[in-house]
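**Q**
Protein chains: 4
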Amino acid sequence: MSQQRKRVRELGLSIGRFQPGPLNAITDVKGVSVGHCTLIEGTDVRTGVTAILPNSGDVYHQRVLGGGFVLNGAGEVSGLTQTMEWGLIETPILLTNTLSVGKCSDSLVKYMLNKHPSIGNRHDVVIPLVGECDDSWLNNIAKTSIRYEHVEAALNSARGGPVAEGNVGGGTGMITCDFKAGIGTSSRVVPIGKDGLSFTLGVLVMSNFGEMQDLCFGGLHVGRRLEPDYKSYVRRRENYGSIIAIIATDAPINSIQLNRLSKRVALGIGRTGSYAGHGSGEIVVGFSNANTVPREIKGDIVTLKELLDQKLNPLYAAAIETTEEAILNALCMAEDMSGYDDHIVPAIPLDKLQVILDQAKDLL
Amino acid sequence: MSQQRKRVRELGLSIGRFQPGPLNAITDVKGVSVGHCTLIEGTDVRTGVTAILPNSGDVYHQRVLGGGFVLNGAGEVSGLTQTMEWGLIETPILLTNTLSVGKCSDSLVKYMLNKHPSIGNRHDVVIPLVGECDDSWLNNIAKTSIRYEHVEAALNSARGGPVAEGNVGGGTGMITCDFKAGIGTSSRVVPIGKDGLSFTLGVLVMSNFGEMQDLCFGGLHVGRRLEPDYKSYVRRRENYGSIIAIIATDAPINSIQLNRLSKRVALGIGRTGSYAGHGSGEIVVGFSNANTVPREIKGDIVTLKELLDQKLNPLYAAAIETTEEAILNALCMAEDMSGYDDHIVPAIPLDKLQVILDQAKDLL
Amino acid sequence: MSQQRKRVRELGLSIGRFQPGPLNAITDVKGVSVGHCTLIEGTDVRTGVTAILPNSGDVYHQRVLGGGFVLNGAGEVSGLTQTMEWGLIETPILLTNTLSVGKCSDSLVKYMLNKHPSIGNRHDVVIPLVGECDDSWLNNIAKTSIRYEHVEAALNSARGGPVAEGNVGGGTGMITCDFKAGIGTSSRVVPIGKDGLSFTLGVLVMSNFGEMQDLCFGGLHVGRRLEPDYKSYVRRRENYGSIIAIIATDAPINSIQLNRLSKRVALGIGRTGSYAGHGSGEIVVGFSNANTVPREIKGDIVTLKELLDQKLNPLYAAAIETTEEAILNALCMAEDMSGYDDHIVPAIPLDKLQVILDQAKDLL
Amino acid sequence: MSQQRKRVRELGLSIGRFQPGPLNAITDVKGVSVGHCTLIEGTDVRTGVTAILPNSGDVYHQRVLGGGFVLNGAGEVSGLTQTMEWGLIETPILLTNTLSVGKCSDSLVKYMLNKHPSIGNRHDVVIPLVGECDDSWLNNIAKTSIRYEHVEAALNSARGGPVAEGNVGGGTGMITCDFKAGIGTSSRVVPIGKDGLSFTLGVLVMSNFGEMQDLCFGGLHVGRRLEPDYKSYVRRRENYGSIIAIIATDAPINSIQLNRLSKRVALGIGRTGSYAGHGSGEIVVGFSNANTVPREIKGDIVTLKELLDQKLNPLYAAAIETTEEAILNALCMAEDMSGYDDHIVPAIPLDKLQVILDQAKDLL
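Residue numbers (my numbering), protein chains in the order written: chain C, 435 to 798; chain E, 435 to 798; chain H, 435 to 798; chain G, 435 to 798.
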């Protein structure tokens with residue numbers, strides 16, 4: 435049933451106006467690394483953990499600027515309140531299933547305590563960032579399968595370089611617009627101003643929202659075209675869904691600018707077909723690792739370099755198109771999956787998709 | 435140069451999954467009326483006022499539930515703070531140019547004082563709702579041409595029935611994605627649940643944002659296709675822009691639900707090509723006139739009928755598609771305009787647009 | 435060193451204009467119950483869990499309306515994002531130390547899965563509400579002592595009736611304005627309108643913020659008066675602190691009104707001496723159990739009774755004074771504590787406090 | 435009836451821990467100037483305009499960093515949306531009565547067009563910042579007496595140096611806790627860190643909220659003590675009220691930090707007795723003129739000096755006490771006033787207040 439998967443760009447669809455970075459992944463942002471731990475066990479466990487490390491150093495001591503946006507808050511990114519207040523990120527970011535947020539948070543605390551015995555003593559405590567979507571259609575979520583070692587494995591396997599997509603890590607059991615999805619990523623190199631400056635921006639999503647009829651590829655209503663083939667397909671119940679998007683950049687932008695950038699990620703989510711359903715947790719976390727904020731600083735005043743607000747428009751446009759492509763990559767790279775309660779979720783059929791995209795070639 | 439204008443649906447493009455109301459206008463929501471006062475004077479005055487009245491009664495005494503959302507706050511809807519705090523709308527809503535917000539607010543105060551001599555005495559004061567976009571490319575905005583009589587004319591001409599679109603009222607001098615735009619509207623009849631319930635939802639926009647390369651019609655990148663014809667066209671400066679969207683419904687939803695609905699309007703704005711530029715004020719105001727909240731109520735407790743949150747998804751989807759169509763109607767109905775400083779802004783060429791849409795017919 | 439502790443009202447100080455309920459506790463709100471599990475082990479474990487159950491039924495199936503406010507977000511209430519989006523609370527609320535949020539969240543998931551095997555299958559998943567403060571001055575927080583059985587014990591011991599205060603539950607190791615504090619509670623019976631209506635409002639705090647010089651009792655700068663006695667006292671480091679406040683009412687108010695009520699709780703926190711320091715997580719969660727929202731509802735529209743906005747002022751005033759008294763009760767009921775790293779935190783000396791309050795008797 | 439008025443500090447009450455600047459006024463922040471235009475005409479006009487200029491240069495071209503906070507949004511500061519989005523202030527700030535917001539906004543537009551003919555042409559349009567309270571108990575607000583020349587007079591009279599308080603400018607007809615109030619101001623010199631750094635912070639309020647029974651001076655419940663003398667006093671109706679507070683500093687803080695600082699102003703409002711009533715617009719605007727942001731900047735990246743977040747606590751504490759003192763100054767400096775509809779509002783009686791403060795001397 436499964437077929438060779440390709441990223442959406444390999445199907446000939448180039449989203450937007452900017453060029454991707456060399457990997458077309460969030461790891462094109464220098465210093466960012468990603469690790470997955472995938473749990474596929476028996477007929478009913480289909481879940482996992484994805485870890486995103488914001489910089490190549492130690493993010494607890496070398497904190498990065500952070501922000502975010504809640505498009506629809508029927509979900510959770512634990513720790514987001516502090517990120518929004520301080521404009522800082524000081525832990526790795528984990529993505530997992532809804533009922534494992536607590537376990538992942540607890541595990542990340544223990545992981546960081548091991549690395550930093552000064553936490554809670556000489557140094558401040560930490561509040562981990564853990565985002566979730568509900569994978570209970572394919573995963574026996576009530577089994578709460580995630581354990582410490584899975585979190586540790588995701589963190590320890592985090593690397594720069596290519597990022598596995600589709601049915602991996604936190605995205606293992608996730609579904610988008612009734613097709614199998616999960617983790618997807620994309621990046622852009624964004625020229626700013628007239629002096630040859632350019633910055634890299636990358637998005638990684640754990641994508642799990644929506645209905646087939648709304649799915650768009652580059653604006654094309656692909657879902658409506660495919661839908662007649664799925665008349666007998668038993669889809670998951672309406673209330674499910676969510677998407678967590680992480681946007682990273684090496685542009686020197688502050689936390690307000692990251693909040694604004696994160697809002698544009700929401701527009702990108704909208705372009706692929708989300709209407710941000712009542713039960714869908716659509717939450718964005720953003721960071722810039724251009725400036726680091728050391729935990730211990732001498733003196734009272736810092737000097738920061740910041741991109742001027744009026745120069746941010748290309749980054750805004752890039753945030754939208756990168757998000758769109760990351761979601762489509764999650765769809766195109768995921769394979770068919772059967773799981774809990776005999777549920778089967780098909781991958782989007784790349785052959786038919788290719789036909790549709792080819793027909794539309796001159797129009798896109 | 436000008437040509438017969440048509441609404442986008444007349445070009446064969448049906449946006450979304452729901453049917454429009456009989457007028458495909460915000461006035462399909464029972465009780466809503468719209469009036470325009472258009473100022474086109476000499477070679478440099480291209481501006482006006484649009485008034486939206488939320489119900490057929492007297493909104494000062496029979497207030498409606500209100501909410502809103504700020505996608506990008508580089509703009510102004512005076513009075514929005516109170517609407518967000520109280521979840522109520524108690525004045526008509528005016529749309530005009532940026533430098534006339536104060537004049538319109540002051541004029542609406544005077545208009546309401548005339549109608550309600552009890553204001554500031556026996557009854558509370560009012561804070562008018564006045565939204566703006568910057569029309570200074572075509573309009574000599576520094577001339578501050580709007581006077582009391584224009585506001586009065588817009589209010590007094592407010593009617594149910596068909597709504598004039600394009601170069602009228604507050605939209606007279608507005609531009610979208612480098613084509614002439616202005617006022618646009620659309621509506622949907624939205625079935626809810628299984629008991630045959632349905633509600634009407636309408637959107638009216640004053641549309642003034644974006645760049646040609648980003649313009650989409652039903653997902654189709656029309657702007658990119660048209661752009662080669664406009665190589666010598668002198669466009670307005672980057673920092674301009676904005677869109678104010680008003681969403682109205684007769685569904686019995688509360689002010690939180692209106693805030694959430696307003697967020698989905700932002701997704702609709704995004705689908706037509708907005709990246710919510712730094713200088714663009716993209717602000718949504720929403721209201722439901724299903725319940726009215728009298729200024730004077732006996733007793734302490736009210737009984738309200740409310741649509742269940744989990745039944746709102748069709749309204750969310752409808753908010754997006756209605757917004758998209760309202761913006762496209764603004765574009766399709768606006769005519770070429772020359773104005774201030776010899777600036778000329780072309781209407782989107784319907785003949786070429788028709789060709790593109792026809793080519794894509796089987797794909798949309 | 436320890437002395438007989440009394441609640442602040444027993445010292446002759448009556449805060450505010452309204453009368454407390456019979457218990458002067460959050461449990462005066464009918465249906466609300468509170469349970470504590472206190473961990474005092476060896477010389478270094480000083481922590482625990484407090485559970486608040488919003489109604490006498492099963493809050494997963496009979497949800498209550500919820501809201502909140504973040505005064506300073508350097509803290510965490512996991513699950514708050516969903517509460518703010520939906521205006522609903524569907525789990526008990528737990529309070530604990532910062533590094534045990536994940537453990538408590540994970541434990542509450544397991545507790546609820548035991549009670550509701552339909553979670554993640556026929557019914558939706560849940561996102562627990564877990565708030566925290568940092569007790570690491572007295573508690574060896576890095577030991578992460580909280581386990582599932584402690585969470586279960588707190589939940590299973592939840593009762594109506596009097597609420598233990600001071601060094602109990604989540605408040606075991608907490609400190610306020612350099613004195614030992616922890617859990618405190620208070621309530622008010624609030625008359626509304628002219629028809630003899632009245633509602634009960636209760637606040638429970640886990641209080642852990644501030645500096646001695648700022649501490650006020652009923653406006654009296656008690657901290658400054660006591661400070662000379664504590665010259666040799668080694669206080670905890672500056673960056674610590676936080677307060678989580680839970681406000682409950684049986685008044686039929688909606689989630690926006692709960693958000694607004696929660697803002698007034700922040701004013702009450704301010705009156706006791708908080709300036710909401712940079713590192714202090716000052717977060718409020720509010721709920722009303724007057725209306726319940728069943729998980730499964732037939733039909734599309736609900737009828738809700740709601741208190742009119744303009745009748746809420748007495749509740750706002752009551753929220754402030756109840757919060758103030760709850761914090762002072764936490765201080766007055768807590769006993770001296772020694773703990774981690776040989777740190778000793780004195781209780782506020784009631785004898786000296788009594789003298790100051792007596793002197794000021796005619797002025798308060 | 436009137437008596438020699440004094441500022442609260444002259445009565446022997448020193449609020450808080452920091453020292454005021456030389457003038458104990460917002461104008462202690464270098465570059466800030468304030469102007470009033472007071473309208474007292476016939477028996478019924480009691481209103482005016484106050485102008486605050488954020489820096490000594492031209493704020494349109496040399497913009498300052500801005501922020502704000504809405505404690506209760508039943509009021510209006512036109513232009514606040516853009517200030518919150520951009521974190522910039524680019525016009526003077528005006529304070530006036532509710533029904534004159536539009537007139538003041540329109541007048542400020544015209545004033546700025548006169549000064550900057552490039553607005554709307556070569557340069558961007560502007561959205562003025564205009565805040566309001568409702569003075570309709572003493573002022574015949576429906577007469578809409580404010581005209582362009584009053585706005586111009588307030589702006590042109592703006593000076594550094596001492597600031598007139600009480601019944602002046604926008605505060606002319608304002609009332610606080612049933613006593614006559616209006617404009618008040620205060621300042622603090624705030625030491626930061628260990629290197630001898632210090633910054634100045636100033637607050638100016640237009641104060642118009644509250645009930646006598648809640649009024650506190652330095653925590654002392656002065657209102658309750660005075661209330662028996664006012665049994666026959668006809669007070670204004672419940673729903674009235676509001677306070678607009680402007681906080682200025684020369685500390686180099688960014689717009690997020692200004693938002694946070696503005697939240698602490700709300701705590702200061704709370705300390706004087708506000709419960710932020712349903713009908714009270716309690717809105718804070720903050721700015722720092724330490725950095726200016728030129729309208730036209732070469733290059734793409736700026737270098738900013740910023741105070742570290744963890745060093746802001748003294749500023750937070752100072753914001754609270756300065757706000758408290760500014761409100762009390764408004765009360766202590768205002769004189770009795772009779773006005774519209776034969777309403778009479780007494781000043782707070784300084785002789786009795788002095789007695790109360792003297793009694794409490796050793797307790798404060």
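No residue lacks a Cβ here, since even glycine has one placed at the ideal position from N, Cα and C.
Just the chain E side, please: which residues come within less than 7 Å of C:G653 by C-beta, in chain order?
**A** Stepping through the first sequence from its first residue, residue 653 of chain C is reached at position 219. Under the 7 Å cutoff, chain E gives C650, G653, L654, H655.
**Q** If I'm right that E:L617 touches E:M640 with Cβ under 8 Å, what's the distance once you round it to whole angstroms?
**A** As a working note, residue 617 of chain E is residue 183 in the second sequence. As a working note, residue 640 of chain E is residue 206 in the second sequence. This sequence places Ile at residue 617 of chain E; Leu is not what is there. That belief holds up - the Cβ atoms of E:I617 and E:M640 are roughly 6 Å apart, short of 8 Å.
**Q** What are the residues of the segment 497-523 of chain G that lie near chain A, defined by any Cβ-Cβ distance shorter than 9 Å?
**A** Looking at the structure shown, chain A is missing, and the protein chains on hand are C, E, H and G.
**Q** Between which two residues does the beta strand (DSSP E) containing G:N725 stretch?
**A** One-based indexing of the fourth sequence puts residue 725 of chain G at position 291. Note, G:N725: beta strand (DSSP E), 715-728.
**Q** Between C:G446 and chain H, is the shortest Cβ-Cβ distance under 9 Å, so that the two count as touching?
**A** Here residue 446 of chain C refers to the residue found at position 12 of the first sequence. No - not a single Cβ of chain H is within 9 Å of the one on C:G446.
**Q** Going by DSSP, what residues sit across from H:R443 in a beta bridge?
**A** Position 9 of the third sequence, counted from the first residue, corresponds to residue 443 of chain H. DSSP lists no partner for H:R443.
**Q** For H:K697, does the count of other Cβ atoms within 10 angstroms reach 16, so buried, or fall short, so exposed?
**A** If you number the third sequence from 1, residue 697 of chain H lands on position 263. Under this definition H:K697 is a buried residue.
**Q** If the cut-off is 7 Å on Cβ atoms, which residues from the segment 747-765 of chain E count as contacting chain C, listed in chain order?
**A** Hits within the stretch, in order: N747, Y750, A751, I754.
**Q** Provide the residue(s) that pair with E:C471 in DSSP beta bridges, ordered along the chain.
**A** Looking up residue 471 of chain E in the second sequence gives position 37. Partner(s): E:V483.
**Q** Looking only at DSSP bridge pairs, what is E:P625 linked to?
**A** Working through the second sequence from its first residue, we reach residue 625 of chain E at position 191. Note: E:P625 sits in a beta bridge opposite E:S632.
**Q** Roughly how many angstroms separate the alpha carbons of G:T484 and G:K440, rounded to a whole number?
**A** Reading the fourth sequence from its first residue, position 50 is the one you call residue 484 of chain G. Reading the fourth sequence from its first residue, position 6 is the one you call residue 440 of chain G. Rounded to the nearest angstrom, the two C-alpha atoms are 21 Å apart.
**Q** Which partner residues does G:F503 have in the DSSP bridge list?
**A** The residue given as residue 503 of chain G occupies position 69 in the fourth sequence. For G:F503, which the question treats as bridged, DSSP gives the partners G:V718.
**Q** Determine the DSSP secondary structure at G:Q453, reduced to helix, strand or coil.
**A** To locate residue 453 of chain G, count along the fourth sequence from 1; it is residue 19. In this structure, G:Q453 counts as strand in the three-state DSSP scheme.
**Q** In chain C, which residues lie less than 7 Å from H:I861 when you measure between Cβ atoms?
**A** Residue 861 of chain H lies beyond the residue range present for chain H, which begins at 435 and ends at 798; the question has no answer from this structure.
**Q** Would you mind stating whether H:G521 and H:G500 have Cβ atoms separated by less than 9 Å?
**A** Start at 1 with the first residue of the third sequence, and residue 521 of chain H comes out as number 87. Start at 1 with the first residue of the third sequence, and residue 500 of chain H comes out as number 66. Going by C-beta atoms, H:G521 is nearer than 9 Å to H:G500.
**Q** What are the residues that DSSP puts in a beta bridge with H:R593?
**A** Taking the first residue of the third sequence as position 1, residue 593 of chain H is located at position 159. H:V468, per the DSSP bridge assignment.
**Q** By DSSP, does G:I395 sit in helix, in strand, or in coil?
**A** In the structure displayed, chain G extends from 435 to 798; residue 395 of chain G sits before or after that span and is not available.
**Q** Assess contact between the segment 723-739 of chain G and the segment 718-731 of chain H, defined as three or more Cβ pairs (one per stretch) separated by less than 8 Å. Is contact present?
**A** At 8 Å Cβ cutoff, the stretches do not touch.
**Q** Taking Cβ positions, are C:L508 and H:E519 nearer each other than 9 Å?
**A** Numbered from its first residue, the first sequence carries residue 508 of chain C at position 74. Numbered from its first residue, the third sequence carries residue 519 of chain H at position 85. Contrary to the premise, residue 508 of chain C reads as Ala rather than Leu in this sequence. Against a cut-off of 9 Å, the Cβ pair of H:E519 and C:A508 comes out as a contact.
**Q** Comparing alpha-carbon positions, which option in E:S676, E:L505, E:V719 lies nearest E:I690?
**A** Indexing the second sequence from 1 puts residue 690 of chain E at position 256. Ranking the options by Cα distance to E:I690, first place goes to E:V719.
**Q** Mind pulling the chain E residues with CB within less than 7 Å of H:I731?
**A** Here the question's residue 731 of chain H lines up with position 297 in the third sequence. Residues of chain E passing the Cβ test: L742.
**Q** Give a yes or no on whether the C-beta atoms belonging to C:N747 and E:G711 are separated by under 9 Å.
**A** Here residue 747 of chain C is taken as the residue at index 313 of the first sequence, counted from 1. Here residue 711 of chain E is taken as the residue at index 277 of the second sequence, counted from 1. Cβ distance < 9 Å, so C:N747 and E:G711 count as in contact.
**Q** Under the rule that 16 or more other beta-carbon atoms within 10 Å means buried, what is H:I486, buried or exposed?
**A** Position 52 of the third sequence, counting from 1, holds the residue named residue 486 of chain H. Buried: at least 16 other Cβ atoms inside 10 Å.
**Q** Can C:T683 and C:L765 be called in contact, C-beta distance under 9 Å?
**A** Indexing the first sequence from 1 puts residue 683 of chain C at position 249. Indexing the first sequence from 1 puts residue 765 of chain C at position 331. Their beta carbons are not under 9 Å apart, which means C:T683 does not touch C:L765 by this criterion.
**Q** Give the secondary structure of C:S570 by DSSP, where H, G and I count as helix, E and B as strand, and everything else as coil.
**A** Numbered from its first residue, the first sequence carries residue 570 of chain C at position 136. C:S570: coil per DSSP, three-state reduction.
**Q** Please report the distance separating the alpha-carbon of G:I680 from that of C:Y582.
**A** To locate residue 680 of chain G, count along the fourth sequence from 1; it is residue 246. To locate residue 582 of chain C, count along the first sequence from 1; it is residue 148. Straight-line Cα distance between these residues: approximately 50 Å.
**Q** So G:L575 and E:V504 are in contact, right, with Cβ under 8 Å, and what is the actual spacing, rounded?
**A** The residue labelled residue 575 of chain G in the question sits at position 141 within the fourth sequence. The residue labelled residue 504 of chain E in the question sits at position 70 within the second sequence. This sequence places Ile at residue 575 of chain G; Leu is not what is there. In fact, because the Cβ distance is near 29 Å, the residues do not count as touching under 8 Å.
**Q** At a Cβ threshold of 9 Å, is G:L457 touching chain H?
**A** Taking the first residue of the fourth sequence as 1, we reach residue 457 of chain G at position 23. No, its Cβ sits nowhere closer than 9 Å to a Cβ of chain H.
**Q** Could you tell me the boundaries of the beta strand (DSSP E) in which H:I527 lies?
**A** As a first step, residue 527 of chain H must be located in the third sequence, where it is residue number 93. From DSSP, the beta strand (DSSP E) with H:I527 extends over 527-531.
**Q** Can E:G704 and C:A700 be called in contact, C-beta distance under 9 Å?
**A** Taking the first residue of the second sequence as position 1, residue 704 of chain E is located at position 270. Taking the first residue of the first sequence as position 1, residue 700 of chain C is located at position 266. Yes, they are a contact pair.
**Q** Do you know offhand how far E:V597's Cα is from E:F643's?
**A** In the second sequence, counting from the first residue as 1, residue 597 of chain E sits at position 163. In the second sequence, counting from the first residue as 1, residue 643 of chain E sits at position 209. Taking the straight line joining both Cα atoms gives about 21 Å.
**Q** Ordered along the chain, which non-local residues of its own chain (more than five positions away) have a Cβ less than 6 Å from that of C:L654?
**A** Reading the first sequence from its first residue, position 220 is the one you call residue 654 of chain C. Excluding residues within five positions, the ones whose Cβ falls inside 6 Å are A794.
**Q** Between the segment 545-563 of chain C and the segment 439-453 of chain C, are three or more C-beta pairs nearer than 8 Å?
**A** The segment 545-563 of chain C, when compared against the segment 439-453 of chain C, does not touch it at the 8 Å Cβ threshold.
**Q** Candidates G:E566, G:D743, G:T578: which alpha carbon is nearest C:K732's?
**A** Mapped onto the first sequence, residue 732 of chain C falls at position 298. Comparing Cα-Cα distances from C:K732 to each of G:E566, G:D743, G:T578, the minimum goes to G:D743.
**Q** If G:T706 and G:L638 are in contact, beta carbons under 8 Å, what's the gap, nearest whole angstrom?
**A** For this step, residue 706 of chain G is matched to residue 272 along the fourth sequence. For this step, residue 638 of chain G is matched to residue 204 along the fourth sequence. That pair is no contact at about 15 Å.
**Q** Cβ atoms of C:G482 and C:T530: under 9 Å apart, would you say?
**A** Taking the first residue of the first sequence as position 1, residue 530 of chain C is located at position 96. Taking the first residue of the first sequence as position 1, residue 482 of chain C is located at position 48. Their beta carbons are under 9 Å apart, which means C:T530 touches C:G482 by this criterion.
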